[in-house]
Amino acid sequence: MSDIAPPASVPANVIETLPIVIAPSPILKAHARAVGSADQDAVRALIPRMFETMYKAPGIGLAAPQVASGLRVIVIDLQPKDQRAPYALINPEVVALSTDLATREEGCLSLPNQYADVTRPARVKVRYLDQTGARLEIEAEGLMSACLQHEIDHLDGILFVDHISALKRNMLMRRLAKEQKLKKPDARR
Ligand code: NI
51 MSDIAPPASV
61 PANVIETLPI
71 VIAPSPILKA
81 HARAVGSADQ
91 DAVRALIPRM
101 FETMYKAPGI
111 GLAAPQVASG
121 LRVIVIDLQP
131 KDQRAPYALI
141 NPEVVALSTD
151 LATREEGCLS
161 LPNQYADVTR
171 PARVKVRYLD
181 QTGARLEIEA
191 EGLMSACLQH
201 EIDHLDGILF
211 VDHISALKRN
221 MLMRRLAKEQ
231 KLKKPDARR
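Mapped onto the numbering used here, the consecutive letters of the sequence shown carry residue numbers 51 to 239.
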């Protein structure tokens, strides 16, 4: 007799979120590895959970290392709930950056409540694989450009605070540590 019913505690239509890794953590400093053909099932399972985790947080971008996966996968959706525009990028690669720069305030789900102005190339061109394995390219400016660069940075162990002065970074990391400690007085981490 086959048993195909899902466990009662997890309805089939509910996608579970993943815990988000908070800085500082060695997980966020590691280099993610390229997705290969042997990773197809893992990626197929990972991407919906990454979207769910990002939407619930809420956030506009999430990289696999932030949910403790070592694969080169990022998800982005800049739109509000009623106009979703989800992007899942596998093995994203920056192929061109503009010489002109743009500064905007950035935050990160791995550094909750911390924000800083970050200066990056204003425009970016990224090559990637979509979920069907098609090779695509995206050219972006504005928020999408910053978000792509921010998320791809995560795959190489780089956080937005690595783009600001050491003085500002240390201040922000100290504030984060203090807030995390207050939030979880019983945490044994
Ligand atoms: Ni981030």
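Glycine included, C-beta positions come from ideal geometry on N, C-alpha and C. The structure presented is a predicted model; accordingly, all values stated were derived computationally and were not measured.
**Asked** Which residues in the same chain have their Cβ closer than 6 angstroms to the Cβ of residue 152, if we skip the five residues on either side of it in sequence?
**Response** 172
**Request:** Have a look at residue 98 and residue 198 and give me their C-alpha separation to the nearest angstrom.
**Result:** 19 angstroms
**Message:** From the DSSP secondary-structure annotation, give me the bridge partner or partners of residue 175.
**Reply:** 146, 189
**Item:** Start-to-end residues for the alpha helix (DSSP H) that takes in residue 154
**Value:** Where residue 154 is concerned, there is no enclosing alpha helix (DSSP H), although the beta strand (DSSP E) it sits in stretches over 151-158.
**Prompt:** When DSSP labels each residue in this structure, what does residue 67 get in the three-state scheme?
**Reply:** coil
**Prompt:** Is residue 162 helix, strand or coil by DSSP?
**Reply:** strand
**Request:** Check whether the segment 227-236 touches the segment 154-161, taking contact to mean three or more Cβ pairs, one atom from each stretch, closer than 8 angstroms.
**Result:** no
**C-alpha distance - residue 139 paired with residue 148, whole-angstrom precision** = 21 angstroms
**residue 50 burial status per 10 Å Cβ neighbour count (16 or more: buried)** = Because the chain here runs from 51 to 239, residue 50 falls outside it and cannot be looked at.
**Nearest neighbour of residue 95, chosen from 179, 68, 178 [CA to CA]** = 68
**Request:** Take the Cβ of residue 224 as the centre, count every other Cβ of all protein chains shown within 10 Å, and call the residue buried at 16 or more, exposed below.
**Result:** exposed
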